[in-house]
Amino acid sequence: MERSSIIGHFGPYGGRFVPEALIAALEELDAAHQAAAIDENFQNELAHLHRTYTGRPSIITEAPRFGAHAGGARILLKREDLNHTGSHKINNVLGQALLTKRMGKKRIIAETGAGQHGVASATAAALLGLECVVYMGEEDTKRQSLNVARMKLLGATVVPVTTGSRTLKDAINEAMRDWVTNVETTHYLLGTVAGPHPFPTMVRDFHRIIGVESRAQVLELTGRLPDAVLACVGGGSNAIGIFHPFIDDENVRLIGLEAGGAGVETGRHAATISGGTPGVLHGTRSYVLQDENGQTVESHSISAGLDYPGVGPEHAFLHDIGRAEYRAITDDQAMHAFALLSKTEGIIPAIETAHALAGALQVGNELGKEAILLINLSGRGDKDVQTAAHYFGIPL
Amino acid sequence: MKLHEVFAHAKAENRAALIGYMPAGFPTKERSQQLIAAMIDGGVDIVEVGFPYSDPVMDGPVIQQAAEIALRNNTSARDVFDVVASSTVPTLVMSYWNPIERYGAAKFADDLSQVSGVGVITPDLTVEESENWINATDGQGIGRVYVVAPSSSDARLASVAAACSGFVYAASLMGVTGARTSISSAASELVARVRRVTDLPIAVGLGVSNAEQAAEVARFADGVIVGSAFIKLVQESATFDEAITAVRSLAQRLAAGVRRS
Numbered sequence: 001m002e003r004s005s006i007i008g009h010f011g012p013y014g015g016r017f018v019p020e021a022l023i024a025a026l027e028e029l030d031a032a033h034q035a036a037a038i039d040e041n042f043q044n045e046l047a048h049l050h051r052t053y054t055g056r057p058s059i060i061t062e063a064p065r066f067g068a069h070a071g072g073a074r075i076l077l078k079r080e081d082l083n084h085t086g087s088h089k090i091n092n093v094l095g096q097a098l099l100t101k102r103m104g105k106k107r108i109i110a111e112t113g114a115g116q117h118g119v120a121s122a123t124a125a126a127l128l129g130l131e132c133v134v135y136m137g138e139e140d141t142k143r144q145s146l147n148v149a150r151m152k153l154l155g156a157t158v159v160p161v162t163t164g165s166r167t168l169k170d171a172i173n174e175a176m177r178d179w180v181t182n183v184e185t186t187h188y189l190l191g192t193v194a195g196p197h198p199f200p201t202m203v204r205d206f207h208r209i210i211g212v213e214s215r216a217q218v219l220e221l222t223g224r225l226p227d228a229v230l231a232c233v234g235g236g237s238n239a240i241g242i243f244h245p246f247i248d249d250e251n252v253r254l255i256g257l258e259a260g261g262a263g264v265e266t267g268r269h270a271a272t273i274s275g276g277t278p279g280v281l282h283g284t285r286s287y288v289l290q291d292e293n294g295q296t297v298e299s300h301s302i303s304a305g306l307d308y309p310g311v312g313p314e315h316a317f318l319h320d321i322g323r324a325e326y327r328a329i330t331d332d333q334a335m336h337a338f339a340l341l342s343k344t345e346g347i348i349p350a351i352e353t354a355h356a357l358a359g360a361l362q363v364g365n366e367l368g369k370e371a372i373l374l375i376n377l378s379g380r381g382d383k384d385v386q387t388a389a390h391y392f393g394i395p396l
Numbered sequence: 397m398k399l400h401e402v403f404a405h406a407k408a409e410n411r412a413a414l415i416g417y418m419p420a421g422f423p424t425k426e427r428s429q430q431l432i433a434a435m436i437d438g439g440v441d442i443v444e445v446g447f448p449y450s451d452p453v454m455d456g457p458v459i460q461q462a463a464e465i466a467l468r469n470n471t472s473a474r475d476v477f478d479v480v481a482s483s484t485v486p487t488l489v490m491s492y493w494n495p496i497e498r499y500g501a502a503k504f505a506d507d508l509s510q511v512s513g514v515g516v517i518t519p520d521l522t523v524e525e526s527e528n529w530i531n532a533t534d535g536q537g538i539g540r541v542y543v544v545a546p547s548s549s550d551a552r553l554a555s556v557a558a559a560c561s562g563f564v565y566a567a568s569l570m571g572v573t574g575a576r577t578s579i580s581s582a583a584s585e586l587v588a589r590v591r592r593v594t595d596l597p598i599a600v601g602l603g604v605s606n607a608e609q610a611a612e613v614a615r616f617a618d619g620v621i622v623g624s625a626f627i628k629l630v631q632e633s634a635t636f637d638e639a640i641t642a643v644r645s646l647a648q649r650l651a652a653g654v655r656r657s
């Protein structure tokens, strides 16, 4: 459901700010997405893939030993980390890859920060026989060299991006340049709920399954709805996926945890809603980390997947109308929660996800032991072992 | 001279107008003013001053690199206006949307008209998102130049051209800015399709770098836009004096190109 009368907008946010060359492709994609949304064959094909390939429905795990540190609150983890390829990203990737085939295109391009979306895209391309090129900031190819190797093993071409800050933001720029040039044969498989319409809506729709499943699972397990739903927010895809089916449940608090880096007050962070201002970046109007001249400012986070100076437009809108809350979690707070979940529950989360877990520690202590908190455990931490070992001083 | 007078004048001479692009603040503000003066000296009829932006998705490596240098110099809207003010021919600004929105669309149009700017080319502003910009520019005499592409449908061309004033910017190919070895046939086809929906002059940009290409484009378009080729000369010159000479010389050759019939 759009909370605005204009399609593709969320209040003043969203829309399309792109070169005219891309309009035809965006309209084609929008039409394909809308047709697929009501096409039983498409929905069945996607559901079949999710059952037999992704491993859906993902389970709910209770985390009482972790919960003891969160004011005794009942902590329920939605285990998107158990999906094939290790994160929620596969939900969107399979959906868009099927749409790519429907549109008769044979090549996909993708951007990636941490490498999770790149790996998921390379996986879907291998599964469906598509050519795949992944743009990745040179800085990130070094931070996440294991994922670069995974993508190559899956048959994808990884292009290190050497412009600008050499991170996710510049990988998106380079992917858009490729798309402008090759749009006739190529689909840009954008990995988050940002970018021009229809991406924020379409990517959300492919991730809604997280919230739809977990809402029913929590009801069945506890007999009621949770008091709060928490998720980390970079671009915001896993968060909007779990939030969206709860939007009309007014008593359920929706809490997004942004990457506070060294602290929002230091300026070295990636907390776009907490520390940014409205603007236009990568084809959409939303909150942006920018300077007084409208130039994008570099973001900073220990988590490559949250290290992005923009955020999905629907989050900007949910923030402004007060339906969702957004808090910043520092690198140190996230790493504390990362270690805590590992040691109390035997689950190593992605560092991105650890931001949501740090939020759960805060909110649990605020609400106390009667509270039920649903947390989107969006990804597993295998890819982060090197970063974590370095952070905790574990010799490798 | 006003923008439409330049096109009318060129048409009277049975040629296309030559439009040269240079980012403000590259390699410094003063030097970008001098480079623009050299382009004009060589025969450029209209100048486009680039507002450097951190995320230029329509630009190839040459303009990206120039923008990075200009941003390291902290080039601001004020600097862009100063560069426009120093130009002695009709001058537009080319800017991605966010710097204009951040500055304030109405204030941007107002301040640009204060320095006799004649228009703004907005490569990532779609007509659907243009309400503020149309309100800001109407009555200021600031031309709104949108970019159309070979992939644009006929209906789309009509609605974009209807929102344009001054001229229509036709992208010669599907891609980003930067020199190409040849002009794609898509350019003349696109210009012909735009002609059917507007009486405005049509200028062609993207990929034009030499006199032969300028002559070829001038046969079917009202304006020929050259950007990356000028910047590349500056990047490749050993000294700034050498850059000035090279830019002036390229402008002379291009000016001869658009006059070849």
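As they're listed, the protein sequences go chains A and B. Residue numbers for the first sequence follow this note's numbering, so the first one is 1 and each next one is one higher. Residue numbers for the second sequence follow this note's numbering, so the first one is 397 and each next one is one higher. Just so you know, even glycine gets a beta-carbon here, dropped at the ideal spot from N, CA and C.
Span separating the alpha-carbon of residue i from that of residue j
i, j, result
"residue 550 (chain B)", "residue 589 (chain B)", "7 angstroms"
"residue 379 (chain A)", "residue 357 (chain A)", "12 angstroms"
"residue 157 (chain A)", "residue 297 (chain A)", "29 angstroms"
"residue 599 (chain B)", "residue 279 (chain A)", "30 angstroms"
"residue 392 (chain A)", "residue 339 (chain A)", "9 angstroms"
"residue 642 (chain B)", "residue 539 (chain B)", "30 angstroms"
"residue 270 (chain A)", "residue 301 (chain A)", "6 angstroms"
"residue 209 (chain A)", "residue 245 (chain A)", "9 angstroms"
"residue 345 (chain A)", "residue 498 (chain B)", "47 angstroms"
"residue 504 (chain B)", "residue 220 (chain A)", "57 angstroms"
"residue 48 (chain A)", "residue 100 (chain A)", "17 angstroms"
"residue 76 (chain A)", "residue 216 (chain A)", "13 angstroms"
"residue 564 (chain B)", "residue 616 (chain B)", "14 angstroms"
"residue 581 (chain B)", "residue 604 (chain B)", "13 angstroms"
Residue range of the unbroken alpha helix (DSSP H) whose run includes residue i
i, result
"residue 327 (chain A)", "First-last for residue 327 (chain A): 324-330, but that is the beta strand (DSSP E), not the alpha helix (DSSP H)."
"residue 614 (chain B)", "607-614"
"residue 110 (chain A)", "Element bounds for residue 110 (chain A): not the alpha helix (DSSP H) but the beta strand (DSSP E), 107-112."
"residue 101 (chain A)", "89-102"
"residue 484 (chain B)", "Careful: residue 484 (chain B) lies outside any alpha helix (DSSP H) and carries neither H nor E."
"residue 242 (chain A)", "237-243"
"residue 346 (chain A)", "Unbroken run through residue 346 (chain A): none, as it is neither H nor E."
"residue 401 (chain B)", "399-408"
Contact belief for residue i with residue j at Cβ below 8 angstroms, rounded distance in angstroms
i, j, result
"residue 622 (chain B)", "residue 417 (chain B)", "7 angstroms"
"residue 420 (chain B)", "residue 475 (chain B)", "5 angstroms"
"residue 593 (chain B)", "residue 557 (chain B)", "5 angstroms"
"residue 13 (chain A)", "residue 323 (chain A)", "About 13 angstroms; that fails the 8 angstroms criterion."
"residue 171 (chain A)", "residue 130 (chain A)", "Actually they are not in contact, since the Cβ atoms of residue 171 (chain A) and residue 130 (chain A) sit about 19 angstroms apart, beyond 8 angstroms."
"residue 625 (chain B)", "residue 646 (chain B)", "6 angstroms"
"residue 232 (chain A)", "residue 257 (chain A)", "5 angstroms"
"residue 141 (chain A)", "residue 160 (chain A)", "5 angstroms"
Continuous beta strand (DSSP E) stretch holding residue i: start and end
i, result
"residue 131 (chain A)", "131-137"
"residue 621 (chain B)", "619-622"
"residue 64 (chain A)", "Residue 64 (chain A) -> not in any beta strand (DSSP E); alpha helix (DSSP H) instead, spanning 64-67."
"residue 287 (chain A)", "284-288"
"residue 418 (chain B)", "413-419"
"residue 188 (chain A)", "186-188"
"residue 565 (chain B)", "564-567"
"residue 304 (chain A)", "No beta strand (DSSP E) contains residue 304 (chain A), which DSSP labels as neither H nor E."
"residue 376 (chain A)", "372-377"
"residue 254 (chain A)", "253-261"
"residue 277 (chain A)", "277-281"
Residue i, buried or exposed, once every other Cβ within 10 Å from all chains shown has been counted against 16
i, result
"residue 399 (chain B)", "buried"
"residue 143 (chain A)", "buried"
"residue 95 (chain A)", "buried"
"residue 406 (chain B)", "buried"
"residue 58 (chain A)", "buried"
"residue 460 (chain B)", "buried"
"residue 397 (chain B)", "exposed"
"residue 200 (chain A)", "buried"
"residue 409 (chain B)", "exposed"
"residue 514 (chain B)", "buried"
"residue 610 (chain B)", "buried"
- Item | Three or more C-beta pairs below 8 angstroms linking the region 180-190 of chain A and the region 484-494 of chain B | no
- Touch test, the region 223-234 of chain A against the region 354-372 of chain A, Cβ-Cβ under 8 angstroms, three pairs minimum: yes
- Query: For the region 444-455 of chain B against the region 566-573 of chain B, are there 3 or more C-beta pairs whose distance is under 8 angstroms?
  - Reply: yes
- Item | Any 3 or more C-beta pairs closer than 8 angstroms across the region 114-125 of chain A and the region 135-153 of chain A | yes
- Assess, as a yes-or-no matter, whether the region 531-546 of chain B is touched by the region 312-330 of chain A under the definition of 3 or more beta carbon pairs within less than 8 angstroms. no
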